[in-house]
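For reference, the structure is listed below as structure tokens.
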Amino acid sequence: GAQVPIGAGLAFANKYNAKPGEPMNVAIACYGDGAANQGQIWESANMAALWKLPMVFCIENNQYGMGTSIDRHSSHQDYYMMGNHIPGIRIDGMNVLAVKEGMRFVKDWCGSGNGPMYVEMMTYRYHGHSMSDPGTTYRNREEIAFTRSTRDPLEFIKKTLVDAKFATAEELKAVEKQIRKDVQKEVLKAKESTVPEPSALFDYIHAADTTPGNQELVDYIRMPNVDNSFHKPTA
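The numbering of the sequence shown is the numbering used here, which starts it at 305 and goes up by one.
The structure is reproduced here in structure tokens:
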């Protein structure tokens, strides 16, 4: 949840730099249901509401905060209503079309000077929260299999494309086959590559403008051990 106050700061900058009469750029801070009750998020929401900042509080509700189900870690489980008087909307995060249209509305609302909005993305994760989490100690395999068979976002969009006759099942299989081939090629390339030089830490952190690849180098990167920190390479 530490990124949410930063998002509120970006929203403040968007409002500050907005040109009169034009829609404002919108800042979106995404966080999980497990982080939704953190104090820093409530403070950011209060500030965003007071100043009517173009800020979206996007909660990815995958039903489990790490290994704890929402009914055990949150007294309020309708996350889109957590903003009190800040309006909220619940979107099926497993449906790309619902996400697209829902976020179009949210962006227009917040960018038009109406203030922040809460968005609850209803989603699910099939695997554990981390490498140390098998993902099956706090839920059963039947639950995971049922969700995968009924709500999988890729299967949904594939069926939608076929039903609408935008693509055939054979065409989609060919696309998937090519994607797997491309991914495997990049994995092998990464494994065969040498360890990057420390100067690579400075690459692609800040963009100089919207031109792809045109970056602006930062002056300093602090490492956990300050003695191992890096300074920007000099010409």
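Ideal Cβ placement from N, Cα and C applies to all residues, glycine included.
Only a predicted model underlies this, so the values are computations on that prediction, with no experimental measurement involved.
Option in G371, N365 and M370 with minimal Cα separation from H380: Here the closest residue by C-alpha is N365.
Residue nearest to P516 in terms of C-alpha spacing, selected from I483, Q342 and D507: D507
Strand pairing of T372, partner residues [DSSP]: Answer by DSSP bridge pairing, in chain order: G369.
With 16 other Cβ atoms within 10 Å as the buried cut-off, status of V308: Here V308 is buried, its C-beta having at least 16 other C-beta atoms within 10 Å.
Pair within 8 Å by beta-carbon distance, M426 and C362: no
Pick from Y428, I461, M421 and H433 that is closest to T449, judged by C-alpha positions: Note that residue 449 is Ala in the sequence shown here, rather than Thr. Out of Y428, I461, M421 and H433, Y428 has the C-alpha closest to the C-alpha of A449.
The region 346-360 / the region 432-445 touching (three or more Cβ pairs under 8 Å): Fewer than three Cβ pairs drawn from the region 346-360 and the region 432-445 lie within less than 8 Å of each other, which leaves the two stretches out of contact.
Meets three-Cβ-pair contact criterion under 8 Å: the region 487-503 and the region 462-479: no
L354 classed as buried or exposed, judged by whether at least 16 other C-beta atoms fall within 10 angstroms: By the Cβ-count criterion, L354 is exposed, with fewer than 16 other Cβ atoms from all chains shown falling within 10 Å of its own Cβ.
Coil, strand or helix - F534 by DSSP: Reduced to three states, the DSSP call for F534 is strand.
Coil, strand or helix - I509 by DSSP: coil
Integer-rounded CB distance, given that A349 should sit under 8 Å from G387: Confirmed, about 6 Å.
Within 8 Å, strictly: CB atoms of A352 and A317: no
Where M386 falls: helix, strand or coil (DSSP): coil
D456, enclosing beta strand (DSSP E) - first and last residue: D456 -> no beta strand (DSSP E), and no H or E assigned at all.
Contact check, V403 vs I461, beta carbons under 8 Å: No, these two residues do not count as a Cβ contact at 8 Å.
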